[in-house]
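Read through the structure below, which is laid out as structure tokens, and then see the notes.
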Amino acid sequence: MAGGANLPLVSSYNRSVVLDAIRSAHDLSRVELATMTGLTGATVSNIVRRLIAEQYVIERGQSVSTGGKPRTLLRINPTGGYAVGVQIDVDTTTSVLTDLLGAPLGRLRTAAGQTSRPATVIAHVARDVRRLVQDAGIDPARVVGVGVATPGPIDQATGMVLNPPNMGRWQHVPLRDELERLLPWSVTVDNDATVAAMGERWAGGASSSNNFACIYMGTGIGAGIFVGGQVCRGSSSNSGEIGHISLDPRGELCFCGNRGCVELFSAPPAVVAAARARVAGGEGAELRLTGTSVRQDYARIGQAVNRGDPLAIELISRAADYLGYAVVTLTNLFDLDLVVLAGPAFARVGQLYLNAVRREVAATALARDSHAVEVRLSEIAEDVGSIGAASLVLHSEFAPRLISLKDRAG
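Shown next as structure tokens:
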């Protein structure tokens, strides 16, 4: 839990500290808030008064009396604000409207994604976002903003998609500016792994952990990381490239210029390439691979895993073992207590990946003797990208974040 500071300069930070405390605990009295945040009772009362006036917080019943006067409990008002999250996937774009707690209220999916022209996708996104808000019948003024998840690298400060692999048409696309030209709300763009971690923090199962990573696997593999309750971005907001940890310095050359990267062992294209090679050698005819689409062939391998096919299980298990080695490295670097596996690539085969990562972390993570490191599958797996993108907006608006004097001067 973040602590507050009794200084006028950080009043905005204190407001966020109080909001985050109420969100995390669900029901808190003003006295409990003061104890948890380290703020004075007067400071808490002033902040709460403003939050109630803004409709972000409501009074919800009273605590059980322990002999004194029952205390009025505070709770986040789910309808006090809304956010829209957008996930730009390989073939589709998914948009979700959420309330202030990240609960989905509406969803639209359009057949235009990373393989489509950027202008086409941007037009579809703008149309879907407007439609979601209109169909929900909410006041547009209560929409806090729009978050967009896209593969990195990106320039998070300008909202520009730079040169992500597997997205040949998406080179230096000013995604944020183009969407803000078409929409009346502010737009935030971030890489899909960081966005997935935001979703887990706000609407998934990581709300109680301040030091965790969300491993997001789509076509590639990335990690969104929280340390000390703050998202770990790095100098250009492109941290967490766990897929490019080298496991074999003399291995196959990766597009990033490194050799033996995790993605070359564990990501769907690597699994599919290994499967195709085995089928070409006379094995696994029952996999019925198309040979043309990585996405379709990976789905067929997943289906074969669920049928108990030995080759499919072998291929996924090997990929999962290598991902486990990388997760141990990440856990050791950041002293994590939770790792969440999320993203479409875990949809059918998540249990095999989960078992392998748990096994490696339990056996070799340095922290295993001092504290438990939990590994689990995402609770919002299907919508982790879009809900995470909405959570990105909520986190940017409400989560406690220290602002430097330079930022304030700017």
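Taking the working numbering, the leading residue of the sequence shown gets -14, the next gets one more, and so forth. All C-beta atoms, glycine included, are put in the ideal place defined by N, C-alpha and C. None of the values given here were measured: they were computed from a predicted structure.
Inter-residue spacing [alpha-carbon to alpha-carbon] between residue i and residue j
i: G65; j: I37; result: 9 Å
i: P445; j: E382; result: Shown here, the chain extends from -14 to 395; a query on residue 445 therefore has no answer.
i: L308; j: D140; result: 27 Å
i: L272; j: A284; result: 10 Å
i: V290; j: E44; result: 50 Å
i: D322; j: F197; result: 6 Å
i: R127; j: G209; result: 28 Å
i: L18; j: L24; result: 8 Å
i: L390; j: G245; result: Annotation note: pLDDT 35 at L390 (below 50); position unreliable, no value reported.
i: M202; j: E39; result: 38 Å
i: G276; j: V174; result: 34 Å
i: A400; j: S224; result: Any property of residue 400 remains undetermined from this structure, which presents the chain solely from -14 to 395.
i: G329; j: I7; result: With the sequence shown as reference, residue 329 is identified as Pro, and Gly is not the correct amino acid for it. Approximately 32 Å, taken between the alpha carbons.
i: N195; j: Q156; result: 34 Å
i: P159; j: A111; result: 14 Å
i: Q72; j: C239; result: 26 Å
i: T95; j: G184; result: 21 Å
i: A311; j: T78; result: 29 Å
i: S302; j: F331; result: 12 Å
i: R35; j: P254; result: 51 Å
i: S278; j: S251; result: 17 Å
i: L85; j: V369; result: 16 Å
i: E163; j: S371; result: 19 Å
i: V324; j: K54; result: 42 Å
i: G26; j: T20; result: 9 Å
i: R280; j: V180; result: 22 Å
i: H109; j: I123; result: 21 Å
i: P103; j: P63; result: 33 Å
i: D282; j: G373; result: 27 Å
i: I61; j: D294; result: 48 Å
i: Q288; j: G205; result: 20 Å
i: V75; j: A97; result: 8 Å
i: P169; j: A258; result: 45 Å
Contact set for residue i: own chain, Cβ-Cβ below 7 Å, skip 5 residues either direction
i: S101; result: none
i: A384; result: S1, D5
i: L93; result: S80, D113, R116, L117
i: P(-7); result: The predicted position of P(-7) is uncertain, since its pLDDT is 48 and thus under 50; no value can be drawn from it.
i: T314; result: I230
i: I365; result: G184, A188, G189, I372
Cut-off 6 Å between Cβ atoms - residues of its own chain near residue i, not counting five sequence neighbours on either side
i: I388; result: Low confidence applies here, because I388 scores a pLDDT of 44, under 50, leaving its location unreliable; read the following figure in that light. Result list for I388: empty, nothing under 6 Å.
i: V129; result: G66, A68, V378, E382
i: A305; result: L337, Y338, A341
i: I298; result: V290
i: A394; result: Note that A394 scores a pLDDT of 36, beneath 50, so its modelled location is shaky and nothing firm can be said.
i: R161; result: G144, V172, V174
i: S222; result: Q141
i: I200; result: A208, L326
i: D392; result: Summary for D392: the model assigns pLDDT 41, below 50, so the residue's position carries little reliability; its value from the coordinates is reported in the next sentence. Cβ within range, chain order: n/a, list empty.
i: C217; result: I210, S224
i: N176; result: G137, I139
Integer-rounded CB distance, given that residue j should sit under 8 Å from residue i
i: F211; j: A182; result: 6 Å
i: G236; j: L249; result: 7 Å
i: G132; j: A352; result: Not really, about 32 Å apart at Cβ, beyond 8 Å.
i: S(-3); j: R15; result: S(-3) to R15, Cβ: 20 Å. No contact.
i: V3; j: T22; result: 6 Å
i: G189; j: S363; result: 6 Å
i: P138; j: N148; result: 7 Å
i: V256; j: I286; result: 6 Å
Residues bridged to residue i [DSSP beta-bridge criterion]
i: E134; result: Here the sequence assigns Ala to residue 134, which means Glu is not the residue at that position. Q72, D175.
i: V29; result: Bridge partners of V29: none, in fact.
i: Q418; result: Here the chain covers residues -14 to 395 and nothing more, so residue 418 does not appear.
i: V407; result: Any question about residue 407 goes unanswered here, given that the chain covers just -14 to 395.
i: A67; result: The amino acid occupying residue 67 in the given sequence is Tyr; Ala does not appear at that position. Y67 is bridged to D84, V128.
i: P89; result: T83
i: P353; result: In the sequence on display, residue 353 carries Arg and not Pro. None, per the DSSP bridge assignment.
i: S14; result: L58
i: V42; result: I61
i: T95; result: T78
Close Cβ partners of residue i (< 8 Å) along its chain, the five nearest in sequence each way excluded
i: A347; result: R353, V358
i: R263; result: G269, L296, L300
i: N317; result: A350, L351, A352
i: L58; result: D12, L13, S14, E44, R45, G46, Q47, S48
i: R56; result: S14, R15, V16, E17, Q47, S48
The ligand SAH heavy atom lying under 7 Å from the CB of residue i
i: S193; result: The ligand SAH is absent from the structure shown, which contains no ligand whatsoever.
3-residue-minimum beta strand (DSSP E) runs that sit fully inside the region 205 to 250, ordered along the chain: 206 to 212
Scan the region 261 to 336 and note each continuous alpha helix (DSSP H) run of 4 residues or more that stays entirely inside, going in chain order. 279 to 291, 295 to 319
Contained alpha helix (DSSP H) runs [length at least 4] in the region 176 to 204, N- to C-terminal order: 177 to 187
Whole runs of the alpha helix (DSSP H) within the region 133 to 169, excluding any shorter than 4 residues: 160 to 167
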